[in-house]
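Peer 1: Before anything else, here's the structure in question.
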Amino acid sequence: MTETAIFPPRVTPAANPLRFPINLFKLLSNNLEIVPEQAYDEEVVLARGPPRMAFITGPDAVETVLKTRHADFPKGRLQNEVLEPLFGNAMISSHGKEWRWQRGATAPLFRHDELVRYVPTMYEAAEKVVEQWRMAPEDEPRPINRDMMHATFGVISHTMLYGGADDVIASIEKGHAEYFRQVNWWVLNRMLRLPRWLPRPGGRSMRRHERRLHDAVRGLVLNRDAKAADGADLLSRLLVAKDPETGRRMSEEQLVNNVIAFLVAGYDTTALALSWALFLISQSPEWSMCMRAEVDRIAGDSPIGPEHLEGLVVVEQVLRESLRLYPTAPIIVRDIFEDVVLGGVHVPAGTIGIIPIYTIHRHRRFWREPDLFDPSRFAPDAAAKPNRYQFLPFGAGPRICIGATFALIEAKIMLATFIRAADFKLLPGFLPRPTGQMFLTAAGDIPMRVHLRK
Ligand code: HEM
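Under the working numbering, the sequence shown has 1460 at position 203, and the numbering climbs by one with no breaks.
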């Protein structure tokens, strides 16, 4: 295929490791700007801080931290403290035994053969968005990121809480975006070990949102009868999930926390992945045509179903390349409690280990033309396959995203539905600005004109 070379917007890294307090200012506005230029060329870079950080981007060092010696590098205390009010003792923020049994109990719910039963829900949610585009005035630009949030929220709420969870859905939609816009102030509070009660922008509305969400989900868990729900949704299956070794079940509190964690973790990340993918294909008529031809050939006019997943090869390539350039969970944090040598660099105990997935995906030593949009890197017959620790949008090792297959199936079904239905044109003069907050956002809406094909 002859292609126009597309170099989409990137983060401008700091020229050198930042010192206090500039590092903290950057953290508030765009946490990817604290990753220094050197981390795109070297394997491990130290920033003296305070706080002292090690940016770990070389595949061997990443493998050591996330897999080989994962027990020595627990999930960042800071990250856990930040998310604790929202997730409590859910699997996502637990350690050791407490984490292991919850992971063991929930893992079977997230297997590919279990998840394909949700494909019709995913397709319907995508078609609902297409229907909204159909009803909207033709020339009115759509905030594509918000449309995607709506779509993925429809999926996670219906698969998690099938039938009657209006109050939960309302409470998430109400405060969610605002919550994550303000979260970096809370990160700063915990980083500086300030009193938790110290007033900060958005602090009160964040606490209100947490309370509202917990109350709504608790009500749901208390009123749910697993047998009556017939095992159709993830919540009723979580109610009967057991530790495969001991037969233990989740406490009410753990159920509430895990439902919240799945709702939150499974919503923005996938919506943003779809938004970035649509932005990229709006820049590339060649890849849009190629994807559409594939969808037309594989599914024709019929609803996109589980039987089409395997054939949507180009759609998956575009999705992977999009997650490479814009990994929507862009930073993983691990604590380093003992002196260690990583990538030939001595990292002292007490350093915060930053694994910037965004930077790893654009590392100049390991990727050819790292800033170029080129889905052919992921072609099944591509000559050089990326190393396991060089492409990791869902993390790696035992704490890899439990929802990775869910997200990939959902994004594939949705992207195929959207590209079959419409052409996407970015509003002239607008360019998204990749911004790391909790997730990788575009620093605002991505306005697009959606031209429906039929
Ligand atoms: C494109 C979409 C997604 C991306 C990019 C993503 C990314 C990630 C990453 C990088 C991690 C590892 C964090 C770490 O090691 O510190 C993670 C963990 C996790 N994700 Fe996802 N995720 C996505 C979708 C989902 C979905 C759909 C769900 C649930 C339905 C989900 C639930 C979780 C949970 C529960 C964990 C914690 C696992 C554990 O600690 O054992 N994610 N995700």
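Don't be surprised by glycine CBs; every beta carbon is placed ideally from N, CA and C.
Excluding sequence positions up to five away, which residues of its chain have a Cβ less than 6 Å from the Cβ of Val1597?
Peer 2: Walking along the sequence shown from the start, residue 1597 turns up at place 340. The beta carbon of Val1597 sits closer than 6 Å to those of Val1604, all from its chain and outside the five residues before and after it, given in chain order.
Peer 1: Are the segment 1348 to 1363 and the segment 1514 to 1530 in contact at 8 Å, needing three or more beta carbon pairs?
Peer 2: yes
Peer 1: Looking at ligand 2, does it come within less than 7 Å of Arg1468, judged from the CB to the closest heavy atom?
Peer 2: Inclusion of ligand 2 in the displayed structure is not the case, the ligand content consisting of ligand 1 alone.
Peer 1: Taking the C-alpha atoms as reference points, what is the distance between Leu1495 and Glu1355?
Peer 2: As a position in the sequence shown, residue 1495 is number 238, starting the count at 1. As a position in the sequence shown, residue 1355 is number 98, starting the count at 1. Going from the Cα of Leu1495 to the Cα of Glu1355 covers about 16 Å.
Peer 1: So with Cβ pairs under 8 Å, would you call Trp1624 a contact of chain D?
Peer 2: The chain inventory of the structure shown lacks chain D, comprising one protein chain alone.
Peer 1: Pull up the distance between the alpha-carbon of Thr1261 and that of Arg1634, whole angstroms please.
Peer 2: Position 4 of the sequence shown, counted from the start, is the residue given in the question as residue 1261. Position 377 of the sequence shown, counted from the start, is the residue given in the question as residue 1634. A direct Cα-Cα distance of roughly 16 Å separates Thr1261 from Arg1634.
Peer 1: Mind checking who Phe1312 pairs with in its DSSP beta bridge?
Peer 2: Against the sequence shown, residue 1312 aligns to sequence position 55. Paired residues: Val1302, Ile1611.
Peer 1: Using a Cβ-based criterion (distance less than 7 Å to any ligand heavy atom), does Met1507 qualify as near ligand 1?
Peer 2: Residue mapping note: residue 1507 aligns to position 250 of the sequence shown, counting from 1. Every heavy atom of ligand 1 is 7 Å or more from the Cβ of Met1507, so no.
Peer 1: Does the distance between the C-beta of Thr1616 and the nearest non-hydrogen atom of ligand 1 fall short of 7 Å?
Peer 2: Counting from one through the sequence shown, the residue named residue 1616 turns up at place 359. When distances are taken from the beta-carbon of Thr1616 to the heavy atoms of ligand 1, even the shortest one reaches 7 Å or more.
Peer 1: Just to confirm, is the Cβ distance from Ala1641 to Ile1614 under 8 Å?
Peer 2: Indexing the sequence shown from 1 puts residue 1641 at position 384. Indexing the sequence shown from 1 puts residue 1614 at position 357. Cβ distance not < 8 Å, so Ala1641 and Ile1614 don't count as in contact.
Peer 1: Would you say Ile1617 and Val1590 are within 8 Å of each other, going by their C-beta atoms?
Peer 2: Here residue 1617 refers to the residue found at position 360 when the sequence shown is read from its first residue. Here residue 1590 refers to the residue found at position 333 when the sequence shown is read from its first residue. No. Outside cutoff.
Peer 1: Whole beta strand (DSSP E) runs in the segment 1509 to 1584 with 3 or more residues, listed along the chain?
Peer 2: none
Peer 1: Examine ligand 1 and report whether any of its heavy atoms sits within less than 7 Å of the Cβ of Lys1332.
Peer 2: Position 75 of the sequence shown, counted from the start, is the residue given in the question as residue 1332. The answer is yes for Lys1332.
Peer 1: By Cβ distance below 6 Å, which residues in the same chain neighbour Pro1287 in space, the five residues on each side in sequence not counted?
Peer 2: By one-based count along the sequence shown, residue 1287 stands at place 30. The sequence given here has Asn at residue 1287, not Pro. Thr1692, Gly1693, listed in sequence order.
Peer 1: For a quick check, are the C-beta atoms of Ile1263 and Leu1275 less than 8 Å apart?
Peer 2: Residue numbering aside, residue 1263 sits at position 6 when the sequence shown is read from its first letter. Residue numbering aside, residue 1275 sits at position 18 when the sequence shown is read from its first letter. Not in contact: Ile1263 and Leu1275 (Cβ atoms no closer than 8 Å).
Peer 1: Could you tell me the distance, in whole angstroms, from the CA atom of Arg1710 to the CA atom of Glu1543?
Peer 2: If you number the sequence shown from 1, residue 1710 lands on position 453. If you number the sequence shown from 1, residue 1543 lands on position 286. Taking the straight line from one Cα to the other gives about 17 Å.
Peer 1: Is DSSP giving Ile1657 helix, strand or coil here?
Peer 2: Mapped onto the sequence shown, residue 1657 falls at position 400. Coil, per DSSP.
Peer 1: Since Ala1362 and Asp1500 should fall inside the 8 Å C-beta cutoff, what is the C-beta to C-beta distance between them, to a whole number of angstroms?
Peer 2: Translated into positions along the sequence shown, residue 1362 becomes position 105. Translated into positions along the sequence shown, residue 1500 becomes position 243. Between Asp1500 and Ala1362 the Cβ distance is about 5 Å, and since that is below 8 Å, they are a contact.
Peer 1: With a cut-off of 8 Å, do at least 3 Cβ pairs link the segment 1372 to 1389 to the segment 1659 to 1677?
Peer 2: Counting Cβ pairs under 8 Å, three or more are found: they touch.
Peer 1: Quick check on this structure: which residue in Thr1321, Pro1704, Asp1702, Met1695 has the alpha carbon closest to the alpha carbon of Arg1438?
Peer 2: Numbered from 1 along the sequence shown, position 181 holds the residue referred to as residue 1438. Of the candidates Thr1321, Pro1704, Asp1702, Met1695, the one whose C-alpha sits nearest the C-alpha of Arg1438 is Met1695.
Peer 1: Could you have a look at Ala1668 and say whether DSSP puts it in helix, strand or coil?
Peer 2: Translated into positions along the sequence shown, residue 1668 becomes position 411. Three-state result, Ala1668: helix.
Peer 1: Count the other CB atoms, across all protein chains shown, that sit within 10 Å of the CB of Ile1593; report buried if there are 16 or more and exposed otherwise.
Peer 2: Working through the sequence shown from its first residue, we reach residue 1593 at position 336. By the neighbour-count rule (16 or more Cβ atoms within 10 Å), Ile1593 is buried.
Peer 1: Locate the alpha helix (DSSP H) running through Pro1274, then write down its first and last residues.
Peer 2: As a position in the sequence shown, residue 1274 is number 17, starting the count at 1. Segment: none, Pro1274 is in no alpha helix (DSSP H) and carries neither H nor E.
Peer 1: Buried or exposed: where does Gly1654 fall if 16 or more other Cβ atoms within 10 Å of its Cβ makes it buried?
Peer 2: For the purposes of this step, residue 1654 is identified with residue 397 of the sequence shown, where counting begins at 1. Its Cβ being crowded by 16 or more others within 10 Å, Gly1654 is buried.
Peer 1: Would you mind stating whether Ala1271 and Glu1294 have Cβ atoms separated by less than 8 Å?
Peer 2: As a first step, residue 1271 is located in the sequence shown; it is residue number 14 there, counting from the start. As a first step, residue 1294 is located in the sequence shown; it is residue number 37 there, counting from the start. The Cβ-Cβ distance between Ala1271 and Glu1294 falls below 8 Å.
Peer 1: Please report the residue range of the alpha helix (DSSP H) in which Arg1461 lies.
Peer 2: As a position in the sequence shown, residue 1461 is number 204, starting the count at 1. Here the alpha helix (DSSP H) through Arg1461 covers 1460 to 1480.
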